[in-house]
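S.K.:
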Amino acid sequence: RDVTGVQTCALPISGERDFASAFRVEDGAFAWVGEAAAVRGEPAVDLGGRTVIPGLLDVHTHPIWRASLSDSADLLPPAVVSLAQLLDRLRAHPALGAGPDEWITGFGYDDPKFPEGRGPLAADLDQVSVTQPVVVWRCDGHSGAANSVALARAGITEATPDPPGARFGRDDRGRLDGRLIELNALRAVSSAVPAVSPEQAIERLAGLDEHFLARGIVGVCDLCATGSADPLGDFRAAERQGFRPRCALYLDWAADGPLPDLPAGATSGRVRVGG
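Residues in the sequence shown are numbered consecutively from 0, following my numbering.
#1: Excluding five sequence neighbours on each side, which residues of the same chain lie with their C-beta closer than 6 Å to the C-beta of aspartate 57?
#2: Should serine 67 go down as buried or exposed, given a rule of 16 or more other Cβ atoms within 10 Å for buried?
#3: Would DSSP call isoleucine 103 helix, strand or coil?
#4: Exposed or buried, glutamate 15, counting other C-beta atoms within 10 Å across all chains shown (16 or more means buried)?
#5: Could you check if phenylalanine 106 is buried or exposed, using at least 16 other CB atoms within 10 Å of its CB as the buried criterion?
#6: If we count Cβ pairs, one from each stretch, closer than 8 Å, do we get three or more for the stretch 195-214 versus the stretch 239-251?
#7: How would you call histidine 92, buried or exposed, if buried means at least 16 neighbouring beta carbons within 10 angstroms?
#8: Starting from arginine 169, trace the beta strand (DSSP E) in both directions and tell me its first and last residue.
#9: Taking DSSP as the reference, what is the three-state secondary structure of glutamate 25?
#10: Isoleucine 155: buried (16+ other C-beta within 10 angstroms of its C-beta) or exposed?
#11: Starting from the C-beta of arginine 245, find all residues in its chain whose C-beta is less than 6 Å away, skip the five residues before and the five after it, and write them out in chain order.
#12: Can you look up histidine 210 in the DSSP assignment and give me helix, strand or coil?
#13: Is proline 259 helix, strand or coil when you go by DSSP?
#14: Is it the case that the stretch 23-34 contacts the stretch 170-182, given that we only count it when at least three CB pairs across the two stretches are under 8 Å?
#15: Determine, using beta-carbon pairs with one atom in the stretch 94-102 and one in the stretch 110-122, whether at least three such pairs fall under 8 Å.
#16: Hey, which unbroken runs of the beta strand (DSSP E) at 3 residues or more fall wholly within the stretch 33-111?
#17: Which two residues bound the contiguous alpha helix (DSSP H) that contains valine 276?
#18: Which class does glycine 14 belong to by DSSP, given the choice of helix, strand or coil?
#19: Since valine 134 and glycine 140 should fall inside the 8 Å C-beta cutoff, what is the C-beta to C-beta distance between them, to a whole number of angstroms?
#20: With a floor of 3 residues, list each beta strand (DSSP E) that falls wholly inside the stretch 213-261, ordered by position along the chain.
#21: In the DSSP assignment, the alpha helix (DSSP H) including aspartate 123 goes from what residue to what residue?
#22: I'd like to know if the stretch 16-28 and the stretch 176-185 are in contact, where contact means that at least 3 CB-CB pairs between them fall below 8 Å.
#23: Kindly give me the distance between the Cβ atoms of alanine 72 and leucine 89, rounded to whole angstroms, as I take these residues to be in contact under 8 Å.
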């Protein structure tokens with residue numbers, strides 16, 4: 000269509016060698032795409048041959064949770080592809096040696112690919128520290144492992160029953176081996192990690208801006224937005240501090256209770272409740 004007096008070029012863009020050479024943005028949206036010759040003489044920004052592609056949407060992610068892990072050791076592949084590398088990463092954690100109340104945490108290990116043929120156990124994580132609690136999350140976020148100190152801080156003993164829908168890993172003799180299998184087992188330990196202040200939580204959330212945008216992600220859905228008493232308020236505060244991706248929040252609620260009431264305007268705007 001004719002947007003501002005310049006006729007739109009019909010471009011059959013269907014292959015990897017088909018490109019347009021110009022576009023116009025109006026009010027934050029693409030209003031026209033065509034050839035540079037059609038807009039010659041108009042004010043322009045030369046992108047120097049760079050390629051512009053559509054932004055990506057991550058419709059099942061957990062920004063609040065990721066923000067809570069901002070000071071955790073990065074255990075994702077390809078940086079960590081073995082149990083030995085995992086332990087080396089944890090030994091480099093800035094909290095190591097900072098005192099018995101400082102937790103050493105890590106996230107993202109993918110143990111099925113480890114040459115050792117298994118993930119970390121308490122005995123392995125005890126090699127990182129026997130005076131500080133250590134807990135690590137698998138890449139799926141559903142399971143993990145803890146050292147002996149972390150299990151003790153969480154009050155988990157040999158007599159502790161498995162939580163609903165999950166279990167604490169045990170060796171052939173029935174003794175705890177540090178594995179935290181499924182969410183309720185992982186939460187039994189991770190809930191003992193000291194929480195940051197609400198101000199720090201919002202600052203960490205706003206700090207994910209570059210994490211998403213550097214990967215071309217311009218919109219996210221936080222599925223089951225837990226970890227905050229007021230996820231909508233926190234995200235909107237983070238937006239004011241510079242968080243730029245659009246965000247739809249899918250709220251958690253007690254299965255045996257009614258749906259929560261939403262404040263006016265909760266389902267509209269760049270940050271909104273999606274469901």
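For every residue, glycine included, the Cβ atom is placed at its ideal position computed from N, Cα and C.
M.R.: Result, derived from the coordinates:
#1: Taking the sequence shown and counting its residues from 1, one reaches residue 57 at position 58. Closer than 6 Å at Cβ, skipping near neighbours: Ile216, Val219.
#2: The count along the sequence shown starts at 1 and reaches residue 67 at position 68. Serine 67 is buried by the Cβ-count criterion.
#3: Start at 1 with the first residue of the sequence shown, and residue 103 comes out as number 104. In the structure shown, isoleucine 103 sits in a strand (DSSP, three-state: E or B).
#4: Position 16 of the sequence shown, counted from the first residue, corresponds to residue 15. So glutamate 15 counts as exposed.
#5: Translated into the one-based positions of the sequence shown, residue 106 becomes position 107. By the 10 Å Cβ count, phenylalanine 106 comes out buried.
#6: yes
#7: In the sequence shown, the residue the question calls residue 92 occupies position 93. By the 10 Å Cβ count, histidine 92 comes out buried.
#8: Your numbering for residue 169 matches position 170 in the sequence shown. Counting along the chain, the beta strand (DSSP E) containing arginine 169 begins and ends at 166-169.
#9: Position 26 of the sequence shown, counting from 1, holds the residue named residue 25. Glutamate 25: strand per DSSP, three-state reduction.
#10: Taking the first residue of the sequence shown as position 1, residue 155 is located at position 156. When all chains shown are included, isoleucine 155 counts as buried.
#11: Here the question's residue 245 lines up with position 246 in the sequence shown. For arginine 245, where only same-chain residues beyond five positions count, the Cβ hits under 6 Å are Gly218, Arg269.
#12: Position 211 of the sequence shown, counting from 1, holds the residue named residue 210. The answer is helix: DSSP assigns histidine 210 an H, G or I state.
#13: The residue given as residue 259 occupies position 260 in the sequence shown. Proline 259: coil per DSSP, three-state reduction.
#14: no
#15: no
#16: 55-60, 103-108
#17: The structure shown has nothing for residue 276, since the chain only spans 0 to 274.
#18: Counting from one through the sequence shown, the residue named residue 14 turns up at place 15. Of the three classes helix, strand and coil, the one that applies to glycine 14 here is coil, per DSSP.
#19: Stepping through the sequence shown from its first residue, residue 134 is reached at position 135. Stepping through the sequence shown from its first residue, residue 140 is reached at position 141. Between valine 134 and glycine 140, the beta carbon gap of about 13 Å keeps them out of contact (Cβ cut-off 8 Å).
#20: 216-222, 245-249
#21: Position 124 of the sequence shown, counting from 1, holds the residue named residue 123. Note, aspartate 123: alpha helix (DSSP H), 121-124.
#22: no
#23: The residue you call residue 72 lines up with position 73 of the sequence shown. The residue you call residue 89 lines up with position 90 of the sequence shown. Confirmed, Cβ separation roughly 6 Å.
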